Amino acid sequence: MDTRNVHIIGHSLGAHTAGYAGSLVPGLGRITGLDPAEPYFQGMPAHVRLDPSDADLVDVIHTDGKGIIFLGYGMSQPCGHLDFYPNDGKEQPGCDITQTPLVPLTLIRDGLEEASRVLVACNHVRAIKLFIDSINTQCPYIGRQCSSFKQFMSGKCFGCKSGMSCAVMGYKADTSLGFLENEVQPQVKLDEAVGNKYFLTTGRDYPFCQQVYRVSVDLAKPGYAEDWVQGRLKASMYSPNGVIRADLTPAETKLAHGTTYTTVVAHPVDLAGNIRKVELNWIYDMNVLEPKTLCLFWCNDHLYVRSINVDQLELPGRGKRDAKYSNKLCSKGKKDYADIANNGRGIFLDSCSITDKS
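Heads up: the sequence shown is residues 23 to 380, going by our numbering.
Below is the structure:
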C-alpha cells in the first residue's frame, strides 16, 4: 500500500493518535484533525501532539477552543498546515446552553446519546458534523487567512489573492493545493501557511455551509450631518435567486459620516452576484451612557448613505486569485445620497439611472 494514499481522520484524542501514527509511518498522505483535544496537549512539544510533520498534509478544524477552564475541550493552538477556525473556533451557532429547546428536541429526534453530546460537548462535536457536511455539499467551505476573527468579520481578509491566502475546509481541503499549481515549490508555500489561521462562518444546523458577502456602506457627509451617529443597520438584499435579510451591525454601532462601514454577512442563499436592490433600515440608538446620543430637539439622528457595495467571494479556479462578484448600488433619490431618518429606510438600486419598479 502506498502511504501517500492514506488519509487518517481523528476527533479529539483521536486526532493526536493519528499524529502518532503519522510519526511512525513516514510519508503518510494526509491527516485531518477534528477539534484535537486540549488538556495535556496544548502548548506541548510537537512530538507529543498532532503537528504538520505527521503527514504531507495536516488539516485541522477547531470548534471548541475556548479553554478547558471554560469547559472547552479543543485546542486553540494551530497544529497543522491548514488550521480552520469556523466562527472563531470557540462557540458554534446553536450550541448555546441557554437554548433549552435544543436538548429535548435532539432527544426526541436522535436519541439519548446524541442529546448527551449536545448538552455536554456540542461545540466539540461540531467539527465532526462540519466535516461530514463538507463531503457532498456543492457549497465551498472557504477559509480566509487572517490575523483574527474580528478582522475577518470587518472584511479585512476577504479576497483570495495569492498563495495560501484562502483554503478549503473539510473533506476537500486537499483541493487547496490547486491554488499553488503555478508555484515553483508548492510544498514550501504550504509549509509557509503553518501557524496561520483560516476563518469562516457556518450556520447552526445542516447544511452548515454558507455563502459569504462583504457589505460596504459608503456614508456621505453633508454639512448638516452629525460627525457620527449610533444605532443599528439592517439590510435586505434582493436578486433573482432570492432575498437575504441581515443585521449589518451585531449591536449598537457608531457610524462616522464621511467614512465607509464594512462588515461580512453569511447566509445559505447564493445570490450569484446578481443583486438588483438593497433596502437599508436605520434604527437610531439613544444611550444614557453616551450623552451625545441623547437626541431630542437639538441634534440630527439621520444617517446619510451614498452607496452600498456587495462583494461575493467565489472559490478561485486554478490560476485565479480573486474571482468574486461585485455589485455597487446607489441611492435612487435626486441627491447623490440617501437621507434615512430614524426607523426609516433607504433604497439602493444597481444603477443610479433606473427607478424602482416595485
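C-beta atoms are modelled at their ideal positions from N, C-alpha and C, and glycine is treated no differently. Note that the structure is a prediction, hence the values are computed from the model and not measured.
Beta-carbon proximity check, residue i vs residue j, cutoff 8 Å
i           : j           : result
residue 253 : residue 307 : yes
residue 174 : residue 182 : no
residue 164 : residue 222 : yes
residue 149 : residue 79  : no
residue 236 : residue 286 : yes
residue 395 : residue 82  : The requested residue 395 is not part of the displayed model; the chain covers only 23 to 380.
residue 257 : residue 270 : yes
residue 180 : residue 333 : yes
residue 259 : residue 215 : no
residue 231 : residue 159 : yes
residue 229 : residue 155 : yes
residue 43  : residue 30  : yes
residue 8   : residue 61  : Only positions 23 to 380 of the chain appear in the structure, and residue 8 is not among them; the question remains open.
residue 68  : residue 38  : no
residue 49  : residue 26  : yes
residue 324 : residue 273 : no
Continuous beta strand (DSSP E) stretch holding residue i: start and end
i           : result
residue 252 : 250-261
residue 7   : No statement about residue 7 is possible, as the shown extent of the chain runs from 23 to 380 and does not include it.
residue 167 : 164-167
residue 370 : 366-371
residue 440 : Here the chain has residues from 23 to 380 only, and residue 440 is not among them.
residue 233 : 233-241
residue 282 : 282-289
residue 361 : 360-362
Range covered by the alpha helix (DSSP H) that runs through residue i
i           : result
residue 221 : It is not in any alpha helix (DSSP H) - residue 221 instead sits in the beta strand (DSSP E) that spans 219-222.
residue 173 : 171-175
For residue i, three-class secondary structure by DSSP
i           : result
residue 25  : helix
residue 194 : helix
residue 39  : helix
residue 114 : coil
residue 271 : coil
residue 157 : helix
residue 305 : strand
residue 45  : helix
residue 189 : strand
residue 210 : helix
residue 182 : coil
residue 147 : helix
residue 134 : Residue placement at residue 134 is poorly supported in this model, since its pLDDT is 48, which falls under 50; the coordinates are not used for a value here.
residue 349 : strand
Presumed contact (8 Å Cβ cut-off) between residue i and residue j, rounded CB distance
i           : j           : result
residue 145 : residue 86  : 4 Å
residue 234 : residue 288 : 5 Å
residue 275 : residue 240 : Not quite, the Cβ-Cβ distance comes to about 16 Å (not below 8 Å), so this is no contact.
residue 266 : residue 351 : Between residue 351 and residue 266 the Cβ distance is about 13 Å, and since that is not below 8 Å, they are no contact.
residue 247 : residue 322 : 6 Å
residue 152 : residue 192 : 6 Å
Taking only runs of the beta strand (DSSP E) that begin and end inside the stretch 47-106, which ones reach a length of at least 3 residues, in chain order? Positions of the beta strand (DSSP E) runs, each at least 3 residues long and wholly inside the stretch 47-106, are given as 52-56, 79-83 in order along the chain.
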